[in-house]
Amino acid sequence: MPRVFRVAGLAAALLLTACQQVNTTSSGVVGVDRKQNMFSMLSSAQVDQMYAQSYQQTLGEASKAGKLDASSNDAKRVKAIAARLIPQTGAFRSDAPSWQWEVNVIKSDELNANCGPGGKIIVYTGLIDQLKLTDDELAAVMGHEIAHALREHGREAMSRAYAEQMGLGIGGALLGLGQSSVDMAHQVVEYSLTLPNSRQNENEADLIGLELAARAGYNPNAAMTLWQKMGQASNGEAPPEILSTHPADSTRMANLQAAIPKVMPLYEQAKTR
Numbered sequence: 008m009p010r011v012f013r014v015a016g017l018a019a020a021l022l023l024t025a026c027q028q029v030n031t032t033s034s035g036v037v038g039v040d041r042k043q044n045m046f047s048m049l050s051s052a053q054v055d056q057m058y059a060q061s062y063q064q065t066l067g068e069a070s071k072a073g074k075l076d077a078s079s080n081d082a083k084r085v086k087a088i089a090a091r092l093i094p095q096t097g098a099f100r101s102d103a104p105s106w107q108w109e110v111n112v113i114k115s116d117e118l119n120a121n122c123g124p125g126g127k128i129i130v131y132t133g134l135i136d137q138l139k140l141t142d143d144e145l146a147a148v149m150g151h152e153i154a155h156a157l158r159e160h161g162r163e164a165m166s167r168a169y170a171e172q173m174g175l176g177i178g179g180a181l182l183g184l185g186q187s188s189v190d191m192a193h194q195v196v197e198y199s200l201t202l203p204n205s206r207q208n209e210n211e212a213d214l215i216g217l218e219l220a221a222r223a224g225y226n227p228n229a230a231m232t233l234w235q236k237m238g239q240a241s242n243g244e245a246p247p248e249i250l251s252t253h254p255a256d257s258t259r260m261a262n263l264q265a266a267i268p269k270v271m272p273l274y275e276q277a278k279t280r
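Just so you know, we're using the working numbering here: the sequence shown kicks off at 8 and counts up by one.
And the structure:
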């Protein structure tokens, strides 16, 4: 066997050893059951801890600037919706309801919201006020962001990055590739791993978020109007920050529309509680 193929096989074996396939959540009625490749030496606890430090820094900066909002109507709405969504996370992860959840609102014109690893939520007032979100629509976007945390998409992205560095560093060094070949390998990794999974992760967050909102008693149809508003907000220019890499396209809308009948019984049941 030529040396180049023996060494390539060694690099591939090292990558496989360093990663493990897991499914971070139950599939739910929406059927999200993709197995994810996670770097074995990067634990959930490590990622949670790293993000918690960044989260506290963000809150500290907002507080210092007088932008941390704890008492406005927006803040009250966000916290009330979170209080209904968080207990429903147990449908996907039994450990999630007991995470150290934090819910904060920041005064900003930014059209954005996020939920980091371990359940650290931030919603920016611009998203609520500029798009005039109803409670159902706000629940849809918060459910979407919570879903990213449940699926540990952040750890998954870091695992891909580590795998890429191992692939380029170990594989490139052992194979003795020239710079142009390494650049080509980088592009292969980017298009084979990073970009397709980004879209896939967004679809997973859409579907799980839809189910979370329905289980919490929020109308699933609001997901459609939410993303329509998001798309309209771009007005032919740069999209809102939350859509910067994942525009609200026809595929997203079609996937949501197909999933709504699956979660509607959960919504109807929740309304009776």
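A virtual CB, placed ideally from N, CA and C, is assigned to each residue, including glycine.
Start and end residues, alpha helix (DSSP H) containing residue i
| i | result |
| --- | --- |
| residue 152 | 142 to 157 |
| residue 220 | 202 to 222 |
| residue 53 | 51 to 71 |
| residue 301 | Here the chain has residues from 8 to 280 only, and residue 301 is not among them. |
| residue 267 | 257 to 278 |
| residue 88 | 80 to 92 |
| residue 136 | 132 to 137 |
Residue range of the unbroken beta strand (DSSP E) whose run includes residue i
| i | result |
| --- | --- |
| residue 125 | Element bounds for residue 125: n/a, residue is neither H nor E. |
| residue 45 | 43 to 46 |
| residue 117 | Neither: residue 117 is in no beta strand (DSSP E) and is coded neither H nor E. |
| residue 112 | 109 to 113 |
Euclidean distance between Cα positions of residue i and residue j
| i | j | result |
| --- | --- | --- |
| residue 266 | residue 164 | 26 angstroms |
| residue 134 | residue 97 | 27 angstroms |
| residue 86 | residue 214 | 22 angstroms |
| residue 275 | residue 34 | 20 angstroms |
| residue 70 | residue 136 | 20 angstroms |
| residue 60 | residue 54 | 10 angstroms |
7 angstroms Cβ shell around residue i - same chain, five flanking residues per side excluded
| i | result |
| --- | --- |
| residue 66 | 75 and 111 |
| residue 82 | 76 and 112 |
| residue 115 | 74, 131, 132 and 133 |
| residue 159 | 31, 51 and 124 |
Top-ranked residue by Cα proximity to residue i, from the options
| i | options | result |
| --- | --- | --- |
| residue 49 | 161, 83 and 70 | 161 |
| residue 232 | 264, 119, 132 and 118 | 264 |
| residue 262 | 32, 38 and 33 | 38 |
| residue 156 | 28, 239 and 106 | 106 |
| residue 208 | 259, 275 and 80 | 259 |
| residue 211 | 240, 225 and 150 | 150 |
| residue 62 | 256, 26, 28 and 129 | 129 |
| residue 269 | 27, 28, 26 and 36 | 36 |
Own chain partners of residue i with C-beta closer than 8 angstroms, once the 5 adjacent residues on each side are dropped
| i | result |
| --- | --- |
| residue 271 | 221 and 227 |
Presumed contact (8 angstroms Cβ cut-off) between residue i and residue j, rounded CB distance
| i | j | result |
| --- | --- | --- |
| residue 153 | residue 219 | 6 angstroms |
| residue 146 | residue 223 | 6 angstroms |
| residue 99 | residue 141 | Between residue 141 and residue 99 the Cβ distance is about 24 angstroms, and since that is not below 8 angstroms, they are no contact. |
Contact set for residue i: own chain, Cβ-Cβ below 6 angstroms, skip 5 residues either direction
| i | result |
| --- | --- |
| residue 109 | 127 |
| residue 169 | 46 |
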